[in-house]
Amino acid sequence: MTPQLTQTADVAIPELAGLQRRLLLAGAIGAVLSLAGAFLDLRQFMQSYLMAYMLCLGVTLGCLALGMLHQLSGGAWGVVIRRPIGAASRTLPVMTLLFLPIALGMNHLYIWTNADLVAHDEILQHKHLYLNTPFFLARAALYFIVWNALAYFLNAWSLEQDKTGDEKFARRMQMLSAGGLLAYGFTITFASFDWMMSLEPHWFSTIYGVLILGGQGLSALAFLIIVLAWLSRRAPLDTIVAPAHFHDLGNLMLAFVMLWAYFSFSQYLIIWSGNLPVEIAWYMHRLQTGWRGVGITLIVGHFVAPFVVLLSRQVKRQPELLMKVAVFVLLVRLIDLFWLIAPEFHQAGVSVSWLDAVLPLTLGSIWMAAFVYQLRGRAILPVNDPEFDEALGRIIERGAPQKAAH
Amino acid sequence: MNSVADGLQPIDDSNARVTTGPTPVIAPGHTFGTVTDKISAIVLTRKTPIGWYAGFGTALMFTGLLLVSLTYLVTKGIGIWGNNIPVGWAFDITNFVWWIGIGHAGTLISAILLLLRQTWRTSINRFAEAMTLFAVSCAGIFPLFHTGRPWLGYWLFPYSNTMGLWPQFRSPLIWDVFAVSTYATVSLLFWFVGLIPDLATLRDRSQSPVGRFIYGMLAMGWRGSAHHWHRYETAYLLLAGLATPLVVSVHTVVSFDFAVSIVPGWHTTIFPPYFVAGAIYSGFAMVLTLAIPIRAIYNLEDFITMRHLQNMAKVMLVTGLIVAYGYLTEAFIAWYSGDKYEGFVPMNRMFGPYAVFYWALILCNVVIPQLLWFKKIRLSVASLFIIAIIVNVGMWLERFVIIVLSLHRDFLPSSWGMYSPTFWDWSTFLGTIGLFLSLLFLFLRFLPMISIFEMRTILPEAKVGDQ
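Okay, structure coming up:
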């Protein structure tokens, strides 16, 4: 086994430090621009911030959930991305801090915080029991406690396992993952109701939580494919990651693309055919205005294009190509969040602000810097994982699949 | 086609673990010969157990009851059922959805688990697929006879006719016709194609000329040449690919039957994924309900091991939790919507005249299956069997609650009513269970219930060339 495998990523991949610095710099510049934007148009800032935040949170929580899923299902696809998954989940404290602007600016996002409006609206009065500021904040606190606790314990035990190779940690992680997935399912459902569905407080859809959950899984997979493609170009992973790993991840991404389409179409068909005033309103100001173009873009970009491309075996087995698809998927994930959030603020027609580009880049850079920082601290592969040999050991013994490293 | 096959090359060789480890998928000590002997003997040489005659006889009696019920239905009309206005759908659709759901486990095990390279599926896929076919047959009876004139059933299909009549394509009931008939066709083909190599084995081993003739016809000239195997593998993978979307599509369309209406309790967007999860839940419960006695009666513990039972229990636990998630979001959103009709639905379910059904459903589908979290329970065959039966009952209750409770009290209190099943409702339902079991008994007696050749491939002997 090459010594690089047991070194921390910091030592094994020296470029990471420079990458982190550049990302931080980009984040700092973006932060200044965004702050300027906040002074110019606070409402627009909040709206773009929420969108950017949900994308970053989606990658973070999606990674946490995929990590837990892999603890339960096993399989080689997860072993090679275990470390990036862990690093992504350890950015949760940062994501918790980054929620503060939403908590502080919620009056600019959620019309149900407006007491006058609620006083004249019977339905909103009914919902006041759930949609009120203190309860909203308390729920958010609960979600973050759950997510941070899951990330903390899973990472701490994974580290212990790395040091000692003790099998008991694998068992513990499995137990926590089973309950953790359940907890994630419930918290993300209510978080998506609170933070996104309640933007239009009269509207409701029971599939909404699942739709967001599936989207987070897709964002996380796309992100992990990009990271793995980047890492697989460098020692030590260049001799370990095989096309088959990308093939598996590509298949998973395809499955999540289909899942998203399935959920979205089900929601649309059921609401369209019911045609009830409260429900259809949500689609009316999306489909009978300029927003329609965004919807069509989503059908093509979020489903048809990635679906067709990912059917190809060649694409899934070539890291460079698959990475391009993944970048595209992350972009359409952002457009999907834009579609879910922005029309609530601009019901008359499409409105794209420069902040819709700056804030995702800014939050994305800050988040990525935190991710790279976390990635640097540990070895790039979980060498003491009980599944490690089974998943990769044989490949190492046989030597590199394509490129020879020695 | 090579691309699909190559995509299935395992990168983690879980086969290596098949006979080792604490819970193997096939007991150690078996060889190609013993596997073939053991499975084919059930059909060819072993004396048919007296229990088989007793079981088949009983099942046949209930099938007779089905024939009587259907004959009476055709002569009298569907007024013999308890259906009324406002409860126009009741036992018929409840049983239809229940049976269709049960079929899903077979397709999931045979198609999706095959594509996911889960080798443990091998010993349970054959009879799970058979179960799918029989369940779909039972399911089809209900909507067909609910039309009242089953001999005009072909009117459901769009065909040019002198009456100038076309089905309403916007109705999910028509989508159902296509979804279910496609499902039945693909399931049958998949099952039959999978049987061909084993039918050839039976042909070659059968001592009686009649057996040789019949198995020989069915084996369609299979000689086991490299060409045959190559084509077989390609066809089987293609069919698996075709069957995979059907696992999702059929029950999605079934959920649309309800969800595209505006009836409170039916019109809700979570229905498609939650119906699919419920279908798989009930399907695995049925596989366990059947597998546990079968493995005991035919001494198949070597082939259907604790690993299979455990894995199926885990699938049940997961899908059961998804179903519970569905109940929770449904109830929450019913309140959150602020709509008084929506809000009334959970209240009526929990405290209305049928409350006892609702709470029984929660007990069967949500509370009791949580025992499956414990390894001790998952390793106890008896408790697995009991839980599986409870889930079967729970999933039937779920459909009853969804269908009858939404209809009996809708928007106008003046049009509220009650439903209670008549003797003929019960006799038709029990009759389909009889039909299902009769077909199953025939299957166990005359066809290999476990895929012989696939079992051979998971033996360590088959791994020689892999190293």
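Protein chains in written order, with my numbering: chain A, 1 to 406; chain B, 407 to 873.
The C-beta atom is built at its ideal place from N, Cα and C for all residues, glycine as well.
Fair warning: this is a prediction, and the values are worked out from it, not measured in the lab.
Where does residue i fall in DSSP's three states?
i, result
"THR8(A)", "strand"
"ALA103(A)", "helix"
"ALA379(A)", "strand"
"LYS782(B)", "helix"
"ALA691(B)", "helix"
"TYR884(B)", "The structure shown has nothing for residue 884(B), since chain B only spans 407 to 873."
"GLN20(A)", "helix"
"MET235(A)", "According to the sequence as given, residue 235(A) is Ala; it is not Met. Correct three-state label for ALA235(A): coil."
"LYS444(B)", "helix"
"ALA481(A)", "The structure shown does not extend to residue 481(A), since chain A spans only 1 to 406, so no value can be given for it."
"MET855(B)", "coil"
"PRO428(B)", "Interpretation of PRO428(B) is limited by its pLDDT of 49, a score under 50 that renders its predicted location unreliable; the figure taken from the coordinates is listed afterwards. Looking at PRO428(B) - three-state DSSP - the assignment turns out to be coil, as it is neither helix nor strand."
"VAL415(A)", "Residue 415(A) lies beyond the residue range present for chain A, which begins at 1 and ends at 406; the question has no answer from this structure."
"TYR565(B)", "coil"
"THR289(A)", "coil"
"GLN347(A)", "coil"
"TRP339(A)", "helix"
"LYS453(B)", "coil"
"LEU865(B)", "coil"
"GLU15(A)", "helix"
"GLU860(B)", "helix"
"MET173(A)", "helix"
"ILE728(B)", "helix"
I want to verify the contact list: residues of chain B whose CB lies under 7 angstroms from the CB of residue i, in sequence order.
i, result
"LEU276(A)", "ILE668"
"LEU182(A)", "LEU727"
Verify whether the separation of the beta carbon atoms of residue i and residue j is less than 9 angstroms.
i, j, result
"PRO578(B)", "ILE207(A)", "no"
"ARG576(B)", "SER264(A)", "no"
"TRP436(B)", "ASP708(B)", "Note that residue 436(B) corresponds to His in the displayed sequence, not to Trp. Yes."
"VAL257(A)", "PHE223(A)", "no"
"PHE328(A)", "ALA305(A)", "yes"
"GLN161(A)", "ILE188(A)", "no"
"GLY744(B)", "HIS120(A)", "no"
"SER543(B)", "VAL431(B)", "no"
"THR658(B)", "SER266(A)", "yes"
"ALA541(B)", "PHE596(B)", "no"
"VAL629(B)", "LEU450(B)", "It is Arg, not Val, that sits at residue 629(B) in the sequence shown. Against a cut-off of 9 angstroms, the Cβ pair of LEU450(B) and ARG629(B) comes out as no contact."
"PHE681(B)", "SER661(B)", "yes"
"TYR764(B)", "ARG755(B)", "yes"
"VAL666(B)", "TYR262(A)", "no"
Verify the CB distance criterion: does residue i have a CB-CB separation below 9 angstroms to chain D?
i, result
"ILE499(B)", "Checking the listed chains, one finds no chain D in this structure; the protein chains it contains are A and B."
What residues of chain A sit near residue i, judged by a beta carbon separation below 8 angstroms?
i, result
"VAL654(B)", "TYR262"
"ILE739(B)", "PHE204, SER205 and THR206"
So residue i contacts chain A; which residues on that side make the cut at Cβ distance below 9 angstroms?
i, result
"GLU736(B)", "THR206"
What is the C-beta distance between residue i and residue j, in whole angstroms, given that I count them as a contact (C-beta under 8 angstroms)?
i, j, result
"ALA28(A)", "PRO360(A)", "Not confirmed; about 16 angstroms, so no contact."
"LEU298(A)", "ASP336(A)", "6 angstroms"
"LEU176(A)", "LEU150(A)", "7 angstroms"
"ASN490(B)", "TYR825(B)", "7 angstroms"
"GLN47(A)", "PHE345(A)", "5 angstroms"
"ILE102(A)", "LEU50(A)", "6 angstroms"
"PRO827(B)", "GLY554(B)", "The Cβ separation is near 18 angstroms, so there is no contact."
"TYR760(B)", "LEU811(B)", "5 angstroms"
Who are the neighbours of residue i on chain B, taking C-beta pairs under 8 angstroms?
i, result
"THR189(A)", "TYR731 and THR735"
Going along chain B, which residues have a C-beta under 9 angstroms from residue i?
i, result
"GLN209(A)", "Looking at the sequence shown, residue 209(A) is not Gln but Gly. Chain B residues near GLY209(A): ILE676, TYR731 and THR735."
"GLY185(A)", "LEU727, ILE728 and TYR731"
Give the residues of chain A in contact with residue i, contact being defined as C-beta atoms less than 7 angstroms apart.
i, result
"TYR742(B)", "LYS127, TYR130 and PHE204"
For the ligand GTP, is there a heavy atom less than 8 angstroms away from the beta-carbon of residue i?
i, result
"LEU777(B)", "Summarising the ligand content, the structure contains no ligands, and the ligand GTP is consequently not present."
task = Could you name the residues of the region 746-762 of chain B whose beta carbon sits closer than 7 angstroms to any beta carbon of chain A, in the order they occur along the chain?
result = none
key: Proximal residues, the region 664-696 of chain B versus chain A, C-beta separation under 8 angstroms   = ALA665, VAL666, SER667, ILE668, HIS673, THR674, THR675, ILE676, PHE677, PRO678 and PRO679
key: Near-chain B residues of the region 238-271 of chain A (beta-carbon distance less than 8 angstroms), N- to C-terminal order   = ALA242, ALA244, HIS245, HIS247, ASP248, ASN251, TYR262, PHE263, SER266, GLN267, LEU269, ILE270 and ILE271
inquiry  = Short of 7 angstroms Cβ to Cβ, which residues in the region 117-145 of chain A face chain B?
reply    = ILE123, HIS126, LYS127 and TYR130
request  = Select from the region 273-303 of chain A all residues with a C-beta closer than 9 angstroms to any C-beta belonging to chain B, and list them in chain order.
outcome  = SER273, GLY274, ASN275, LEU276, VAL278 and GLU279
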